[in-house]
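Residues in the sequence shown are numbered consecutively from 236, following our numbering.
Worksheet: one structure, shown below.
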Amino acid sequence: MGNRTPLAATLAANSISTAGTSLTLIGVPWFVLETTGSAGRAGVVAFCATLPIVVAALVGGPVIDRFGRRRTAIASDAVCAAAIAAVPLLHFAGVLDFWMLCALMALNGFAHTPGNTARYVLIPDLAEHAGTTLPRAASLFDAVSRGARMVGAALAGVLIAFVGAETVLLLDAATFGLSALLIAAGVRGVRAAEPRKAEAPVSLRAYGTELREGYVHVLGNRLLLAVVVMVMFMNGTDQGWYAVLLPVHAEGELSGAPAIGLLTALFGAGGLTGALLYGAVGHRFSRRAVFTVCVILCGAPRFLVAAVTGTTLPLAVTMLLGGIAGGVLNPILTTVVYERVPDRLRSRVSGALTAGSEFAMPVGGLAAGLLVEAAGATGALLAMGGVYFLATLSPLVFPSWRTLDDVPGAEPAQKPVPQTEVPTPAPAPAPVSSSGPSRPTPGP
236 MGNRTPLAAT
246 LAANSISTAG
256 TSLTLIGVPW
266 FVLETTGSAG
276 RAGVVAFCAT
286 LPIVVAALVG
296 GPVIDRFGRR
306 RTAIASDAVC
316 AAAIAAVPLL
326 HFAGVLDFWM
336 LCALMALNGF
346 AHTPGNTARY
356 VLIPDLAEHA
366 GTTLPRAASL
376 FDAVSRGARM
386 VGAALAGVLI
396 AFVGAETVLL
406 LDAATFGLSA
416 LLIAAGVRGV
426 RAAEPRKAEA
436 PVSLRAYGTE
446 LREGYVHVLG
456 NRLLLAVVVM
466 VMFMNGTDQG
476 WYAVLLPVHA
486 EGELSGAPAI
496 GLLTALFGAG
506 GLTGALLYGA
516 VGHRFSRRAV
526 FTVCVILCGA
536 PRFLVAAVTG
546 TTLPLAVTML
556 LGGIAGGVLN
566 PILTTVVYER
576 VPDRLRSRVS
586 GALTAGSEFA
596 MPVGGLAAGL
606 LVEAAGATGA
616 LLAMGGVYFL
626 ATLSPLVFPS
636 WRTLDDVPGA
646 EPAQKPVPQT
656 EVPTPAPAPA
666 PVSSSGPSRP
676 TPGP
């Protein structure tokens, strides 16, 4: 039996960091609405928080390899802890201007992406180190992340109601610190976590070559490209939902922050259930069939239900069922990408996948805020829900999705395997969606 400590430490660190991020996901929009009363400003903050995520993903892959995945994860969490803690501390001191809030959230977004990517790309090596299978480790990674989102969201709703959004942000900063400590203490003796010897001297040309390799790999694989484009639209509309539309809907129609916490927690509970179900029995079914049904059900219905109802129960049921469907998506995408990306390119391809899948997130939050002020909450919900639905029809429309069930490197049983055949490359991270697939991923 292998050493399970590094895998356990990474899963624990990621779950704690994810729970803290759920606090921010609810706490920051509520803080902006409380202090400014403007949905438009909430959209601006969302834009500032997510644009650096895309920038970091665009250029960060080679940096992670050269600096080391372990060091990157630790440094990332440390910077995020400082940025998030500064928001309430400056507010308590009476010196927090709106531009400072935007700048701090931008710093948090820029630093958070490399840490997320570093933990994510380690999973295949940690699974091997622990003596467990990749599909099981991928499902476990997604399941504990979704469970952490559920717990974090529930805590956020309750804590905001009782102690205020500022205290919630301080708690989030503490979770980043704890995550850094877990990685520092628990991920030792794993070669893949340490800095890689540069294949070429450090230079702008060498860095550009390494960066380009990741994008060429994605562009050369039609399925990965189709996944990225679909998840890009899903993540963009999801960002509008969580950063603007849900807080505005909860403030105007529901019970405020506790309702946001409840609904987000139910979505997380559904996601956890879906991920565990897929890990247990998903391998028995066609990936494409399961994915196509679940991706259509995971996101768009909640926009419609929120637009036509003003009570919590219908939306709560929709969020729970959508979460179950969404929980199935990431394990499928994670496994597919792991199967299609060699270890040498893992960080670079993961950066390209993250950049592409999160490219629309800055626009999604900003557009949601502007739509609310121009067309009202109902109009904004219907418009963004329509975009979400059209995006999820992709697996039914584009032929590249037909290869979702294929396993690269697998040979038909009747054909002998040549002695010179190159083994199937080690897996790399998948695109995730916040509501379904996060890395690319839709939903929270």
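Think of the CB as a built atom: it goes at the ideal place given N, C-alpha and C, for glycine as much as any other residue.
Margin query: Closest to Thr307 by C-alpha separation, out of Ile319, Thr245, Val607, would be which residue?
Written below: Thr245
Next item on the list: Count the other C-beta atoms from every protein chain shown that fall within 10 angstroms of the C-beta of Ala504, then say buried if there are 16 or more, exposed otherwise.
Entry: buried
Notebook entry, point to check: At least one CB of chain D closer than 8 Å to the CB of Val462: is that the case?
Noted result: Given the protein chain composition of this structure (a single chain), no chain D is represented.
Next item on the list: Kindly indicate which three-state DSSP category Thr368 falls into: helix, strand or coil?
Entry: coil
Margin query: Taking a contact to mean a Cβ-Cβ separation below 8 Å, would you say Pro359 touches Ser311 in this structure?
Written below: Contact flag unset, no.
Next item on the list: Can you tell me which of Gly412, Asp300, Ala353, Thr253 puts its alpha carbon nearest to the alpha carbon of Gly382?
Entry: Comparing Cα positions, the closest option is Thr253.
Next item on the list: Quick one: give me the first and last residue of the alpha helix (DSSP H) that Tyr422 is part of.
Entry: Per the sequence shown, residue 422 should be read as Val rather than Tyr. First-last for Val422: undefined, no H or E at that position.
Note to self: Quick check: what's the CA-CA separation for Pro660 versus Thr368?
What the structure shows: Interpretation of Pro660 is limited by its pLDDT of 30, a score under 50 that renders its predicted location unreliable; the figure taken from the coordinates is listed afterwards. Going from the Cα of Pro660 to the Cα of Thr368 covers about 15 Å.
Check: Pro493 to Gly443, Cα distance in whole Å?
Finding: Cα to Cα, the separation comes out at about 47 Å.
Item checked: Coil, strand or helix - Leu616 by DSSP -> In this structure, Leu616 counts as helix in the three-state DSSP scheme.
Margin query: Runs of 4 residues minimum, wholly inside the region 470-524: which ones carry the alpha helix (DSSP H) assignment?
Written below: 481-488, 492-516
Notebook entry, point to check: With 16 as the cutoff for other CB atoms within 10 Å, does Thr546 come out buried or exposed?
Noted result: exposed
Note to self: If I measure Cβ to Cβ from Leu605 and keep anything under 8 Å in the same chain, skipping five residues before and after, which residues do I get?
What the structure shows: Gly275, Gly278
Checklist line | Sequence-distant residues of its chain with Cβ nearer than 6 Å to Ala378 (five each side left out) | finding: Leu507, Ala510, Leu511
Note to self: My parser needs the alpha helix (DSSP H) runs of 4 or more residues fully inside the region 386-424; what are they?
What the structure shows: 400-421
Next item on the list: Note the first and the last residue of the continuous alpha helix (DSSP H) segment covering Phe538.
Entry: 535-543
Margin query: Output needed for Pro264: all residues of its chain with C-beta closer than 6 Å, excluding positions within five of it in sequence on either side, in chain order.
Written below: Ala277, Ala478, Pro482
Margin query: Please report the distance separating the alpha-carbon of Leu617 from that of Leu539.
Written below: 6 Å
Checklist line | Inter-stretch contact at 8 Å, needing at least 3 Cβ pairs: the region 623-630 / the region 524-542 | finding: Touching, yes, given that three or more Cβ pairs across the two stretches are closer than 8 Å.
Check: What number of angstroms, rounded off, separates the C-alpha of Asn470 from the C-alpha of Thr589?
Finding: The straight-line gap separating the alpha-carbon atoms of Asn470 and Thr589 is approximately 11 Å.
Next item on the list: Compare the C-alpha of Met335 against each of Ala284, Ala316, Leu375, Asp300 and name the closest.
Entry: Ala284
Next item on the list: Determine the DSSP secondary structure at Pro241, reduced to helix, strand or coil.
Entry: helix
Item checked: Element boundaries [alpha helix (DSSP H), containing Cys312] -> First, the residue type needs correcting, since residue 312 is Asp and not Cys in the sequence shown. Counting along the chain, the alpha helix (DSSP H) containing Asp312 begins and ends at 304-327.
Next item on the list: Consider the C-beta atom of Gly591 and the heavy atoms of the ligand SAM; say whether any pair is separated by less than 7 Å.
Entry: You won't find the ligand SAM in this model; it holds no ligand whatsoever.
Checklist line | DSSP state of Ala603 mapped onto helix, strand, coil | finding: helix
Next item on the list: With DSSP as the reference, label Asp300 as helix, strand or coil.
Entry: The three-state reading of DSSP puts Asp300 in helix, counting H, G and I together.
Notebook entry, point to check: Are there 16 or more other CB atoms within 10 angstroms of the CB of Ala400, so buried, or fewer, so exposed?
Noted result: buried
Next item on the list: Would you kindly check if the distance between the Cβ of Leu405 and the Cβ of Thr527 is under 8 Å?
Entry: no
Next item on the list: State the Cα-Cα distance for the pair Val422 and Arg239, rounded to the nearest angstrom.
Entry: 10 Å
Notebook entry, point to check: With a Cβ-Cβ cutoff of 8 Å, do Leu639 and Arg519 count as a contact?
Noted result: No; because the gap between Cβ atoms is not below 8 Å, this pair is not in contact.
Next item on the list: Put Val632 into one of helix, strand or coil per three-state DSSP.
Entry: helix
Margin query: Just to confirm before moving on: does the CB-CB distance between Leu287 and Ala341 stay below 8 Å?
Written below: Here residue 287 is Pro; the residue named in the question, Leu, does not match the sequence. Yes, the pair counts as a contact, with Cβ atoms nearer than the cut-off.
Notebook entry, point to check: Can the beta-carbon of Leu568 be found closer than 8 Å to that of Val462?
Noted result: yes
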